[in-house]
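Protein chains in written order, with the UniProt record's numbering: chain D, 1 to 381; chain U, 1 to 381.
A virtual CB, placed ideally from N, CA and C, is assigned to each residue, including glycine.
Data block below; observations after.
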């Protein structure tokens, strides 16, 4: 599923300075994206998010550099916009009419928005305890929205069971190449924003893990083109205790020796709660290869980090706050050295996660057979 | 209060192409901003928001061009970030330790965030029916947050009454030069994003009206520098029926002949509800000068526009949706011609305006004397 580019030919045609004359969206990196026809691009203004130096936090934590990558400033308020801009563009090129996604929330609202922009039908299935604001967002963008009595992989099963009968394209994690390629632009952007000098450490909140895959792929491609030099950043996954398959797999040394999975997830209903990441083994091996690590933080750590970022003027999602808590822990443990520089990803903003019940609650389903009559009757109008 | 620049000297030193080598925030227009020392800049990554062409809406409304300027992608989720980035930078330069603002919501959360970033104290006072999410945001950023039993001008009176005793700087609309200058970057940015060719019409939702003033000032400056040619855009104010002082003043032809004001505001609790805009006369005369107009739309118009934008993948605030409703009305009436191009401002996103009660409700006060003991006791901790 990882797209191969002719990097030699890109290096021969594009110079770093050429990028400056392009717009600020992620499509400035068009040569590194799999959408060949510019007319197929489905864009809502994604990418080009700020990389904010946290001067006061550098002093507090005694570190040379710490930045927050403000992915909450994307359309739909999360980093998921990048992946779905690329994925929906590819689906449009292929003439797909209906796309479906199992999601903890932000992927659902991103598919909903990009499908709306493309004039495509979207079907999204989220857990029963998905934050109400995100459900409202999916409905606002016109998606067929359902809740599953279960977790994200249960939602995925419903889509797999119904896709043939309904003609849905399953746009779930690693089901198609666009989402990883779109997320890859986060890595390209960090490199450009830091003057093509990468940080020592990148801290990323991890559910399915395609963010880690995207960052790693960006740096591989830039290195192959000789646009960057030296060591790649150590990539760090942060998860919430109670659903930490990546952390567990790294500790157990089990990469490549079986599925990376957690049983009985007890963590909060956020993007971090992915008990069975579809490509967990790849994520674990990337982290190992870069000399990175994985950290599990508690709900209380997340709450404290959210407060700390808030008092710096930044609204962070629980996932982004978890990454910040991971930074604090690794700095305090000395794993991040005083002379190093770290980039921490804030993947969404706090507002989406408040305790609020959507005005029109979607139906809760267990199986495709539950969903089918509801969906078909709504489609008939 | 309007800052004068040596535009000849800017034109002599800066070329359009120079801007390309700068970052994407509003500070790429540093020469047009009143902050002289780069070390004083208080930034959270504001500006550089997408200008999104609405192809499907061009077809639906039969118009050459219609764009949405996505100001909701700013820090704090609204256009107010630009004004407060500039204002708080200036206050920091002056050594101000405590800033206060009367606000319908988004100005309060923007001051709160930028003051937090600057290590400054913020005091914000919003109406009793201010959306709960915005109140929560102010608290998250650490501002002293109060609700007034009244409207925005009642909040302003409390700040005026207390500012001497408490050492507050009143950062209300047109009390200092930074906010207009920051908003001016919206105009500079549109010009640059459209290749220095301005649209025929710009539609802006109007409360206090400093957005209109900022846009107008941007175009004046660019024209004086010969960076743009031809007619300036017709500027359009959109307000909600029930609080429409700008609309009324334009219809009555009263500009310059007394205060622009509405009595007994009955419109919704949004940024549009400013019964007594501090510089209403200037706003009205700018609209006249550009051949623009002002439109009052209903709650139902706003709801419909919000739905229409949502189904295009855009989350709009009631203010942004009001502007879109104004576009629809003016296009349908033929005031915007088929061969013309319009830019519509979406100033914030929908999530902030849901019906939700903040976890910790701030105290409701009527006068400075009500607020004083609460504030002083909280400051003592």
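Asked                                                                                                                                    : Found
Sequence-distant residues of the same chain with beta carbon closer than 6 Å to residue 76/D, five excluded per side                     : 109, 110, 113
Residue burial classification, residue 21/U (beta-carbon count within 10 angstroms, cutoff 16)                                           : exposed
Pairwise C-alpha distance: residue 283/D and residue 331/D                                                                               : 22 Å
Contacts of residue 21/U in chain D (Cβ-Cβ under 8 Å)                                                                                    : 20
Contacts around residue 321/D, its chain only, beta-carbon distance under 7 Å, and the 5 residues preceding and following it disregarded : 302, 305, 306, 309
Minimum Cβ-Cβ distance from residue 98/D to chain U less than 8 Å                                                                        : no
Ranges of the alpha helix (DSSP H) found wholly within the segment 4-67 of chain D, counting only runs of at least 4                     : 7-13, 16-20, 55-61
Cβ neighbour criterion (16 or more within 10 Å) applied to residue 28/D                                                                  : buried
Where residue 98/D sits in the DSSP three-state scheme                                                                                   : strand
Partner residues on chain U for residue 113/D, Cβ-Cβ distance less than 7 Å                                                              : 313
Range covered by the alpha helix (DSSP H) that runs through residue 219/U                                                                : 210-224
Contact between the segment 216-236 of chain D and the segment 193-207 of chain D (3+ Cβ pairs under 8 Å)                                : yes
Cβ contact check for the segment 79-98 of chain D and the segment 170-180 of chain D: 3 or more pairs under 8 Å                          : yes
Min CB distance residue 188/U to chain D below 8 Å                                                                                       : no
Candidates 189/D, 61/D, 73/D, 138/D: closest to residue 316/D by CA position                                                             : 73/D
The segment 365-377 of chain D in contact with the segment 357-372 of chain U per 3-pair CB rule at 8 Å                                  : no
Contact set between residue 154/D and chain U, taken where Cβ atoms lie within less than 7 Å                                             : Those within 7 Å of residue 154/D in chain U number zero; the least Cβ separation is about 27 Å.
Residue 307/D, enclosing alpha helix (DSSP H) - first and last residue                                                                   : 299-310
Cross-chain neighbours of residue 350/U in chain D, by beta carbon under 7 Å                                                             : 140
Cβ of residue 356/U within 8 Å of any chain A Cβ                                                                                         : The displayed structure is made up of protein chains D and U, and chain A is not among them.
Beta strand (DSSP E) runs wholly inside the segment 107-163 of chain D, at least 3 long, in chain order                                  : 121-127, 144-148
Where residue 133/U meets chain D, residues with beta-carbon distance less than 8 Å                                                      : 351, 354
C-alpha distance - residue 148/U paired with residue 154/U, whole-angstrom precision                                                     : 7 Å
At least 3 beta-carbon pairs within less than 8 Å: the segment 36-45 of chain D vs the segment 172-187 of chain D                        : no
Beta-ladder partner(s) of residue 321/D, from DSSP                                                                                       : None, per the DSSP bridge assignment.
Nearest candidate by alpha-carbon position, reference residue 107/D, set 370/D, 210/D, 265/D                                             : 210/D
Assigned exposure category for residue 312/U - 16 Cβ within 10 Å defines buried                                                          : buried
Helix, strand or coil at residue 79/U according to DSSP, with G and I counted as helix                                                   : coil
Whole-angstrom distance between residue 26/U and residue 356/U, CA atom to CA atom                                                       : 32 Å
Amino acids of chain D, ordered along the chain, whose beta-carbon sits closer than 7 Å to that of residue 117/U                         : 312, 313
Inter-residue Cα distance where the pair is residue 319/U and residue 144/D                                                              : 27 Å
Interface partners of residue 45/U on chain D, CB under 7 Å                                                                              : 50, 52, 70, 73
Min CB distance residue 56/U to chain D below 8 Å                                                                                        : yes
Inter-residue Cα distance where the pair is residue 40/U and residue 58/D                                                                : 18 Å
Chain D contact residues for residue 24/U, given Cβ-Cβ distances below 7 Å                                                               : 24, 48
Secondary structure of residue 234/D, DSSP reduced to three states                                                                       : strand
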